[in-house]
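Residue numbers for the sequence shown follow our numbering, beginning at 1373 and rising by one.
Each residue gets a CB set at the ideal place from its N, CA and C atoms; glycine is no exception.
Please read all numbers here as calculations on a predicted model, not as lab measurements.
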Amino acid sequence: MHTLHSSLLETRVIYSPPPRPSPFLVFYRKPISQNFIIITLCSRGLSGTRLKSPKMGGSSGFIRGVLLDESLLFAEDNNGNTFFQSGSESLLSRLQYSNLHTGISYQASVSPQKVIFLKEMAMLYSLDCFMLDTSALDASVSEILQAWGDIGGSCLYVASSKDDDLFLKLHGHGWLTVAKRKESGDGMEDSEVMLINKLEELPLTLCRLSRKVTGNNVVRVGYVMKASREADFAKRGAFPMNPTQNGLMFIPLTFDLPLEPQVHEVDVVFHKATDEITNIELTGSSEYFNGISFSKGMQELKRYCEDHPDCCVIDPLDKIYPVVDRLMIQKLLAGLEELKTSGDCRIRAPHFLKVDSFNEPNMMERLSEAELLLPSIVKPQVACGVADAHNMAIVFRTDDFLDLAVPLPAVIQEYVDHSAVLFKFYVLGDKVFHAVKNSTPNSDVFLSSFEKDGLKPLSFNSLKSLPTAKGQIEASGLSSADSTSLDLELVTDAAHWLRKKLDLTIFGFDVVIQEGTRDHVIVDVNYLPSFKEVPTDVAIPAFWDAIKGAYESRRRHN
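Here it is in structure tokens:
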């Protein structure tokens, strides 16, 4: 078990991103021995892509460096203004954190003003910038290899146009050249031709080239999630395009290209499908299997997985449905009573009540039957995937439920006095981590603070900041270790119990410790959290191990 514990109420982690090649040139005296590959754009659909692997053997077959011709990335309008080509920004962002040496190349004919622009763009994306001079190709190749050092693999050159002179000289250096096939056909296709049609296909091409060398020794993970989430993971080095220490390679899947050919190239589909939810329609039984509407792309992926049951998906869509429904999670957490505890405290779910209306005449009676006291916290039953799923309220009086601005149906949940300390737990495969965070104050603090406002309901969005009791606790000189005592063994047992019940690979949950009883109460469960409080050098290897373990487990059971 790996544990992150901070004595501070508010965890602060200083993160250093994985090392990247410097945008400045550093020269090393190394022999020129690496192979280079040229890929050019064509105008056919993805189904027409043809690949032939270069002659590579051993570890040298891995693509360790990517060189992009500037004309592939940028274009100019009639006024001489330079702009990004379609797909180039996302490609550069992905390559920036791909753990591959990456550079932008330009030819000697490029204007000095544009060279300045290219170098600025290279600096912006932490890339290198080289002149690829056809009249002095030996020197250009030497400069690139010296700057990148002994990268221990092959390099990929990506161009958007055919240049007979450059190609001929590259043949002399052992480079594999590819000509751009014109729509009318130019007779240049041969057994060495590799073609891509859009920049979005380049990561998939890297995957194909790697497969030719590694066979089944590397697990190719195709991932799908919203751009902002992908960027957060990528900045921590989570999605390298060359093999990880445990044999994974990550490839972004895009709904902008035909999906089936992409999925055919990967061994695992890793997703956060909740990013692709467009609507949730509650049914009478609260079973979401027919009530969740996904984006067009995710619907296509869902159908593919249903038609290909041998496709390894982390995690199957039906496994994430419980974390979308707070009522289902509450009912599942009620099973924590199964856990046998040897200590002097227990772990449990909060008391709760589902309501379809806030205007029920017997609301007080129903609250009493559910063992709910005020204040209570009111949450939408829908936990994620829609805009108002995180709109909540803390209610101090029964009358406050009238016309409450929380979406229905809703779950009224016990508000636990917990000394303003929250424990965030992250389960990554069989590893469990936790961090300590500031939280909302005890109910008596709330009551005194909001009396002057007539104890109106406190409405908030849980994705945004909520006032905490940080100042009060720091003024009293208390630390998290003084104010609460976490039974780590108890919560770790609960984490493994939850993992078995949910059958999820990566998830998180929040724990508070009730004052007086010392009950450990799980107040929230979520799928594929960012685990940003866990240091990168610990979290990312655990992340990779979790994915590899889930893949191997599913393969054994298929």
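Quiz item: Can you list, in chain order, the residues of its chain whose CB lies under 8 Å from that of Thr-1454, leaving out five sequence neighbours each side?
Solution: Phe-1446, Ala-1447, Glu-1448, Lys-1486 and Phe-1489
Quiz item: Within the chosen definition, does the region 1587–1601 reach the region 1879–1898 through at least 3 CB pairs nearer than 8 Å?
Solution: no
Quiz item: Is it true that the region 1473–1480 meets the region 1613–1624, where meeting means three or more beta-carbon pairs spaced less than 8 Å apart?
Solution: no
Practice problem: Mind the definition here: the region 1898–1914 touches the region 1793–1812 only if three or more C-beta pairs lie below 8 Å; say whether that holds. | Solution: yes
Quiz item: Do you know offhand how far Asn-1898's Cα is from Leu-1574's?
Solution: 33 Å
Quiz item: How would you write the range of the beta strand (DSSP E) that Gln-1785 sits in, first residue to last?
Solution: 1782–1786
Self-check item: Assigned exposure category for Ala-1911 - 16 Cβ within 10 Å defines buried
Solution: buried
Quiz item: Which residue comes first and which comes last in the alpha helix (DSSP H) that contains Phe-1456?
Solution: No alpha helix (DSSP H) contains Phe-1456, which is instead part of the beta strand (DSSP E) from 1454–1456.
Quiz item: Grouping DSSP H, G and I as helix and E and B as strand, with all else coil, what is Val-1550?
Solution: The predicted model places Val-1550 with a pLDDT of 44, which falls under 50 and marks its position as unreliable, so this point remains unresolved.
Quiz prompt | With 16 other Cβ atoms within 10 Å as the buried cut-off, status of Leu-1576 | solution = buried
Quiz item: Apart from the five residues just before and just after Phe-1724, which ones in its own chain have a Cβ nearer than 6 Å to its Cβ?
Solution: Gln-1702, Val-1783 and Gln-1785
Self-check item: Three CB pairs or more closer than 8 Å across the region 1619–1638 and the region 1721–1738
Solution: no
Self-check item: Other residues of its chain near Ala-1774: CB distance less than 7 Å, five sequence neighbours each side excluded
Solution: Per the sequence presented here, residue 1774 reads as Leu, with Ala not at that position. Cβ neighbours of Leu-1774 beyond the five flanking positions: Phe-1730 and Asn-1731.
Quiz item: Do Phe-1627 and Ile-1686 come within 8 Å of each other at the CB atom, strictly closer than that value?
Solution: no
Quiz item: Whole-angstrom Cβ separation of Ala-1866 and Ile-1652, contact assumed at under 8 Å?
Solution: Wrong, their Cβ atoms sit about 28 Å apart, outside the cutoff.
Quiz item: Sorted by chain position, which residues of the same chain lie with C-beta nearer than 8 Å to Lys-1873's C-beta, five sequence neighbours on each side aside?
Solution: Leu-1704 and Gly-1707
Quiz item: According to DSSP, is Ser-1902 helix, strand or coil?
Solution: coil
Quiz item: What are the residues that DSSP puts in a beta bridge with Arg-1811?
Solution: Residue identity check: residue 1811 is Ser in the sequence provided, not Arg. Its beta-bridge partners do not exist; DSSP assigns none.
Quiz item: Are Pro-1624 and Arg-1466 touching if we call contact CB-CB under 8 Å?
Solution: yes
Self-check item: Sheet register partners of Lys-1803 (DSSP bridge)
Solution: Leu-1800
Quiz item: Going by beta carbon distance, what residues of the same chain come within less than 6 Å of Ala-1914, once the five residues before and after it are set aside?
Solution: Leu-1800 and Lys-1803
Quiz item: Which residues in the same chain have their Cβ closer than 8 Å to the Cβ of Leu-1689, if we skip the five residues on either side of it in sequence?
Solution: Ala-1645, Lys-1674 and Cys-1677
Quiz prompt | Residues sharing a beta bridge with Lys-1726, DSSP | solution = Val-1783
Quiz prompt | Boundaries (first-last residue) of the alpha helix (DSSP H) holding Asp-1679 | solution = 1668–1679
Quiz item: Should Met-1495 be labelled buried (16 or more other beta-carbon atoms within 10 Å of its own) or exposed?
Solution: exposed
Exercise. Look at Pro-1747 and Val-1767 and say whether their C-beta atoms are less than 8 Å apart.
Key: yes
Practice problem: Look at the Cβ atom of Met-1597, then the Cβ atom of Asp-1647, and state whether they are nearer than 8 Å. | Solution: yes
Quiz item: For Pro-1624, which residues does DSSP report across the bridge?
Solution: Tyr-1595
Practice problem: Taking only beta-carbon positions, decide if Phe-1724 is within less than 8 Å of chain D. | Solution: Among the protein chains of the structure shown there is no chain D, as only one such chain exists.
Quiz item: Thinking C-alpha only, which one of His-1929, Lys-1607, Asn-1763 and Asp-1917 is nearest Val-1593?
Solution: Asp-1917
Quiz prompt | Boundaries (first-last residue) of the beta strand (DSSP E) holding Glu-1887 | solution = No beta strand (DSSP E) holds Glu-1887; DSSP gives it neither H nor E.
Exercise. Compute the Euclidean distance between the alpha carbons of Gly-1452 and Ala-1480, then round it to the nearest angstrom.
Key: 18 Å
Self-check item: For Glu-1924 and Asp-1771, the rounded distance between their alpha carbons
Solution: 54 Å
Exercise. Would you mind working out which of Pro-1681, His-1790 and Val-1893 sits nearest Ser-1815, comparing C-alpha positions?
Key: His-1790
Quiz item: Who are the near neighbours of Arg-1927 in its chain, counting only those whose CB is closer than 8 Å to its CB and skipping five residues on each side?
Solution: Cys-1684
Quiz item: Given Gln-1844, which residues of its chain have a CB within under 8 Å of its CB, disregarding the five upstream and five downstream residues?
Solution: Residue placement at Gln-1844 is poorly supported in this model, since its pLDDT is 43, which falls under 50; the coordinates still yield a value, given next. Cβ neighbours of Gln-1844 beyond the five flanking positions: Ala-1792, Pro-1813 and Val-1817.
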